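Read the structure below first, then the notes.
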Amino acid sequence: MDPHGPTAQRFPLVARFRPACLPLPQRIRALVDLADTAVRKADQGLASAVYNQAALIASDLGLPDLARELCHQHATSYLHACPLPAMSAIRGLEPVVNLARLQIRAGRADEGRQRLLDLYGAVEAGAHARFDGVGIPADLTATEADCQEVRAWLWRVLLADGTRTLTTAGRWAEALTHIDSHRGVGKRMLDGRQVAVLAALVSGDTTSAAGLLHDTTPGDPWEQLVTACLTVLCRLDAQQPVDEHLAELIAAYLQRSPESGMTVFDIRLGLTILDAVGPAETPAAQRMVHALHRRTAEAEDGYAAREVLAHPLFLSLATDREAQDCRALVRACALGAGAIPGHLHGELAAALRASDKVIRDSLVPR
372 MDPHGPTAQR
382 FPLVARFRPA
392 CLPLPQRIRA
402 LVDLADTAVR
412 KADQGLASAV
422 YNQAALIASD
432 LGLPDLAREL
442 CHQHATSYLH
452 ACPLPAMSAI
462 RGLEPVVNLA
472 RLQIRAGRAD
482 EGRQRLLDLY
492 GAVEAGAHAR
502 FDGVGIPADL
512 TATEADCQEV
522 RAWLWRVLLA
532 DGTRTLTTAG
542 RWAEALTHID
552 SHRGVGKRML
562 DGRQVAVLAA
572 LVSGDTTSAA
582 GLLHDTTPGD
592 PWEQLVTACL
602 TVLCRLDAQQ
612 PVDEHLAELI
622 AAYLQRSPES
632 GMTVFDIRLG
642 LTILDAVGPA
652 ETPAAQRMVH
662 ALHRRTAEAE
672 DGYAAREVLA
682 HPLFLSLATD
692 REAQDCRALV
702 RACALGAGAI
712 PGHLHGELAA
722 ALRASDKVIR
732 DSLVPR
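Shown next as structure tokens:
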């Protein structure tokens with residue numbers, strides 16, 4: 372398997388919640404509604420979600436400076452009030468993690484991964500640190516139990532994001548070393564075990580990959596689908612028969628209803644199965660393409676549309692209408708547009724001001 376190829380690059384495939392990239396007006400109005408709810412309920416968590424999603428919108432639109440500015444504002448709204456309970460400390464560090472993710476998105480993957488490592492080290496040591504102008508106080512948390520909870524959260528972030536920076540560069544052996552150093556392989560088909568399987572496949576060691584797949588604990592239904600998908604890819608690389616395995620995999624995928632917030636995972640899994648089907652215009656390939664279009668359109672998810680449009684086999688088998696639908700969705704979501712229309716910018720700014728006040732009010736000693 373090509374370590375830099377599109378199939379390998381979709382891994383690790385983990386079903387983590389990711390809000391849909393709706394058409395931009397809907398996306399911003401949903402944030403306005405979320406901010407209104409945060410104000411009405413005095414809900415710190417909802418207010419933080421407004422900030423996080425606003426920064427993501429800015430990044431998606433190709434406005435990294437605005438995204439960084441929002442991350443700074445978000446972090447400051449929490450970190451001025453240290454020491455904090457665990458959940459508030461985590462919410463205060465989320466924008467610092469997002470600053471590292473912005474670096475990774477900008478192509479500075481090693482720098483972003485090092486920032487995550489340094490952040491984890493600072494929190495673990497209880498030391499003051501500074502990241503991109505954001506000061507992390509030594510007294511971040513109120514108690515040792517709070518600190519342990521924050522460390523556990525950061526460990527999960529480091530494992531997932533740090534791994535992704537290496538796999539995106541095709542550095543699978545290094546990714547596996549990174550995971551091993553943080554005790555992350557495990558028996559279930561999560562980030563660590565998937566990387567172990569891919570590291571074996573890209574090195575041509577299909578025997579080790581097959582052993583890892585055979586010894587995997589089944590886990591949730593989505594994990595079983597990923598295991599089945601990797602099994603097909605492993606058998607293809609080993610030049611073993613796959614017809615029966617592939618038919619069962621396609622049937623299981625088509626019978627599965629995507630969960631809310633899991634559209635991108637579902638589409639990436641479907642595209643990987645399409646890779647396994649191969650270039651022939653078979654009924655199975657046609658069924659997969661039509662299902663991928665339908666799920667993308669039903670979710671109105673610009674991320675999903677962008678994914679399918681980048682897949683040559685999808686484009687070659689999709690109808691003109693299906694391809695046009697996906698292109699129209701990417702335009703409606705304003706991905707990479709480079710600007711926020713004035714009236715929507717005003718609505719977004721008001722939602723952020725309201726959310727900032729909710730956060731700060733929640734941290735005032737009673």
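Numbering-wise, the numbering used here comes out as the position in the sequence shown, counting from 1, plus 371.
Just so it is clear, CB atoms sit at the ideal spot from N, CA and C, and this is done for glycine as well.
Because the structure is a prediction, the values reported are computed rather than measured.
Would you tell me roughly how many angstroms separate the C-alpha atoms of Gln-397 and Val-679, rounded to the nearest one?
Indexing the sequence shown from 1 puts residue 397 at position 26. Indexing the sequence shown from 1 puts residue 679 at position 308. Those two C-alpha atoms are separated by around 22 Å.
Best match in Pro-650, Asp-591 and Val-635 for proximity to Asp-672 [C-alpha to C-alpha]:
Counting from one through the sequence shown, the residue named residue 672 turns up at place 301. With distances taken between Cα atoms, Asp-672 lies closest to Val-635.
Collapsed DSSP secondary structure at Gly-506 in the structure displayed
Position 135 of the sequence shown holds residue 506. In the three-state reduction of the DSSP assignment, Gly-506 falls in the strand class, which pools E and B.
Name the residue from Leu-642, Ala-670, Ala-668 and Glu-669 whose alpha carbon lies nearest to the alpha carbon of Gln-657.
Here residue 657 refers to the residue found at position 286 of the sequence shown. When only C-alpha atoms are compared, the closest one is Leu-642.
Closer than 8 Å is the cut-off here; do at least three beta carbon pairs connect the segment 395-410 with the segment 564-574?
no
Give the straight-line distance between the Cα atoms of Leu-530 and Asp-562, rounded to the nearest whole angstrom.
Against the sequence shown, residue 530 aligns to sequence position 159. Against the sequence shown, residue 562 aligns to sequence position 191. About 8 Å.
Closest by CA to Ser-579, which one among Cys-605, Val-597, Trp-593 and Arg-554?
For the purposes of this step, residue 579 is identified with residue 208 of the sequence shown, where counting begins at 1. Taking only the C-alpha atoms, the option nearest Ser-579 is Cys-605.
When burial is assigned at 16 or more other CB atoms within 10 Å of the CB, is Gln-626 buried or exposed?
The residue you call residue 626 lines up with position 255 of the sequence shown. Exposed is the call here.
For Arg-559, which three-state DSSP category applies?
Counted from its first residue, the sequence shown places residue 559 at position 188. Collapsing the DSSP output to three states places Arg-559 in a strand.
Taking the straight line between their C-alpha atoms, what separation do you get for Ala-623 and Pro-592?
Within the sequence shown, numbered from 1, the residue matching residue 623 stands at position 252. Within the sequence shown, numbered from 1, the residue matching residue 592 stands at position 221. Their backbone Cα atoms lie some 10 Å apart in a straight line.
Looking only at its own chain, which residues have a Cβ that is under 6 Å from the Cβ of Arg-476, when we skip the five neighbours before and after it?
Looking up residue 476 in the sequence shown gives position 105. There are no such residues.
Can you give the beta carbon distance from Leu-645 to Met-659, rounded, assuming they're within the 8 Å contact cut?
Residue numbering aside, residue 645 sits at position 274 when the sequence shown is read from its first letter. Residue numbering aside, residue 659 sits at position 288 when the sequence shown is read from its first letter. Their Cβ separation, rounded to whole angstroms, is 5 Å, which keeps Leu-645 and Met-659 in contact under 8 Å.
What does a CB cutoff of less than 8 Å around Ala-379 pick up in its chain, not counting 5 residues either side in sequence?
Counted from its first residue, the sequence shown places residue 379 at position 8. Correct list, in chain order: Met-372, Asp-373, Thr-538, Gly-541, Trp-543, Leu-569, Leu-572 and Val-573.
Assign Gln-695 to buried or exposed, taking buried as 16 or more other Cβ atoms, counted over all protein chains shown, within 10 Å of its Cβ.
Counting from 1 along the sequence shown, the entry for residue 695 is found at position 324. Gln-695 comes out exposed.
Can you find at least 3 beta carbon pairs, one from the segment 507-515 and one from the segment 441-461, that sit closer than 8 Å?
Yes, they touch.
Express the C-alpha separation of Ala-651 and Leu-607 in angstroms, rounding to a whole number.
Start at 1 with the first residue of the sequence shown, and residue 607 comes out as number 236. Start at 1 with the first residue of the sequence shown, and residue 651 comes out as number 280. Looking at the two C-alpha atoms, the distance is approximately 15 Å.
So, are the CB atoms of Arg-559 and Thr-588 less than 8 Å apart?
Residue mapping note: residue 559 aligns to position 188 of the sequence shown, counting from 1. Residue mapping note: residue 588 aligns to position 217 of the sequence shown, counting from 1. Against a cut-off of 8 Å, the Cβ pair of Thr-588 and Arg-559 comes out as a contact.
In this structure, how does DSSP classify Arg-381 when only helix, strand and coil are distinguished?
Counting from 1 along the sequence shown, the entry for residue 381 is found at position 10. Assignment of Arg-381 by DSSP, reduced to helix, strand and coil, places it in the coil class.
What does DSSP give as the partner residue(s) for Leu-700 in the beta ladder?
Here residue 700 refers to the residue found at position 329 when the sequence shown is read from its first residue. Among the bridge pairs identified by DSSP, Leu-700 is matched with none.
Please tell me whether His-549 and Gly-533 are closer than 8 Å, where the distance is taken between their beta carbons.
Translated into the one-based positions of the sequence shown, residue 549 becomes position 178. Translated into the one-based positions of the sequence shown, residue 533 becomes position 162. In this structure, Gly-533 lies closer than 8 Å to His-549 by Cβ.
Could you check if Ser-726 is buried or exposed, using at least 16 other CB atoms within 10 Å of its CB as the buried criterion?
Within the sequence shown, residue 726 is the residue found at index 355, counting from 1. Burial of Ser-726 is indicated by the presence of at least 16 other C-beta atoms within 10 angstroms of its C-beta.
Gln-611 - containing alpha helix (DSSP H), residue span:
Looking up residue 611 in the sequence shown gives position 240. DSSP places Gln-611 in no alpha helix (DSSP H); its state is neither H nor E.
Would you decide whether Thr-602 is buried or exposed? Buried here means 16 or more other CB atoms lie within 10 Å of its CB.
Position 231 of the sequence shown, counting from 1, holds the residue named residue 602. With 16 or more other Cβ atoms within 10 Å, it is buried.
Per-residue DSSP class, three states only, for Thr-536:
Numbered from its first residue, the sequence shown carries residue 536 at position 165. Of the three classes helix, strand and coil, the one that applies to Thr-536 here is helix, per DSSP.
Thinking C-beta only, is Val-421 closer than 8 Å to Ile-461?
By one-based count along the sequence shown, residue 461 stands at place 90. By one-based count along the sequence shown, residue 421 stands at place 50. Cβ atoms of Ile-461 and Val-421: not closer than 8 Å.
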